[in-house]
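Single-structure report; data block below.
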Amino acid sequence: MNEQDFFEQADKEIEELNRKRAEFMADDTPVEVTDIPKLLKIGKMLRNEDTSLNAYELYKHPEARAKLFAQITEACYMVICQTPSQSEKLNFGQYLEGQFQAILKKVICQTDTQALGELVAVLDLDDKLESQVIRDITFGGLLAKGEPNQIGE
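Counting in this note's numbering, the sequence shown runs from 75 upward without gaps.
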C-alpha cells in the first residue's frame, strides 16, 4: 500500500465512523432486548477500566458518550427488571463517566511521553494546536508503550 492509498483508506474509515456516529445520534429508538448484550459488554469494559475501549472516539464526542452511557444504564436496569429513578440514572451515569476518566488516565500512563515530546517538538505547533495534538495522539493510543493497544471495536 503506497502513501496515497493509505490516506484514501484512512479518509474512508473516518467517513464511516462519522456516518455511524451520526446514525447513532439520530436514532431515538429505545434500547431493545437485542441491544443489551453489546451494551453490557461496553459497560463491562468500562467497569474493568479496559483500555481497548475506543477512548478516543468517546473523548472526542462527549454527546455520543453521554448517549451511550444513558443506553448502558437503561440496559442494566432492563436486565434486573427495574425502572430507575432519575437520581439512580444520574448516579449510574456518573459512575460510568468516572470509569471512563479512569480509562483515560490509564491511556495517559501507557503513552510513550518521550516519543510524544519528540514528535511535538518536530511539528512545532502553536500552543492551542499542540495541546489538541497531544490529547488526540494520547487518547488515540498512537504512542502507547509496550504492546500495541487495540484502538476500537
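By construction, the Cβ of each residue, glycine as well, lies at the ideal position given by its N, Cα and C atoms.
1. Should residue 95 be counted as a contact of the ligand SAM given a C-beta to heavy atom distance under 8 Å?
2. As a quick exercise: from 99, 186, 163, 146, pick the residue whose alpha carbon is nearest that of residue 58.
3. For the alpha helix (DSSP H) containing residue 196, list its first residue and its last residue.
4. List the whole-angstrom C-beta distance separating residue 174 from residue 203, where the pair is believed to meet the contact cut-off of C-beta under 8 Å.
5. Inspect the CB distances between the segment 155-175 and the segment 78-86 and report whether three or more fall short of 8 Å.
6. Using the rule of at least 16 other Cβ atoms within 10 Å of the residue's Cβ for burial, across every protein chain shown, is residue 153 buried or exposed?
7. On the CB-based measure, 16 or more other CB atoms within 10 Å of its CB, does residue 149 come out buried or exposed?
8. Mark residue 107 as exposed unless 16 or more other C-beta atoms lie within 10 angstroms of its C-beta, in which case mark it buried.
9. Where residue 109 and residue 103 are concerned, what is the direct C-alpha to C-alpha distance, given to the nearest angstrom?
10. Under 9 Å, do residue 95 and residue 138 count as touching if we go by C-beta distance?
Concretely, from the data shown:
1. The ligand SAM is absent from the structure shown, which contains no ligands of any kind.
2. The structure shown does not extend to residue 58, since the chain spans only 75 to 227, so no value can be given for it.
3. Position 122 of the sequence shown holds residue 196. Looking at the DSSP string, the run of the alpha helix (DSSP H) that includes residue 196 is 187-197.
4. Start at 1 with the first residue of the sequence shown, and residue 174 comes out as number 100. Start at 1 with the first residue of the sequence shown, and residue 203 comes out as number 129. The C-beta distance from residue 174 to residue 203 rounds to 25 Å, too long to meet the 8 Å contact threshold.
5. In this structure the segment 155-175 does not touch the segment 78-86; the number of beta carbon pairs closer than 8 Å is below three.
6. What you label residue 153 is simply residue 79 of the sequence shown in a count that begins at 1. With fewer than 16 neighbouring CB atoms inside 10 Å of its own CB, residue 153 falls in the exposed class.
7. Here residue 149 refers to the residue found at position 75 of the sequence shown. Residue 149 counts as buried, since no fewer than 16 other beta carbons sit within 10 angstroms of its beta carbon.
8. Position 33 of the sequence shown, counting from 1, holds the residue named residue 107. Residue 107 comes out exposed.
9. Numbered from 1 along the sequence shown, position 35 holds the residue referred to as residue 109. Numbered from 1 along the sequence shown, position 29 holds the residue referred to as residue 103. Distance between the alpha carbons of residue 109 and residue 103 is about 11 Å.
10. For the purposes of this step, residue 95 is taken as the residue at position 21 of the sequence shown. For the purposes of this step, residue 138 is taken as the residue at position 64 of the sequence shown. For residue 95 and residue 138, yes; Cβs fall inside 9 Å.
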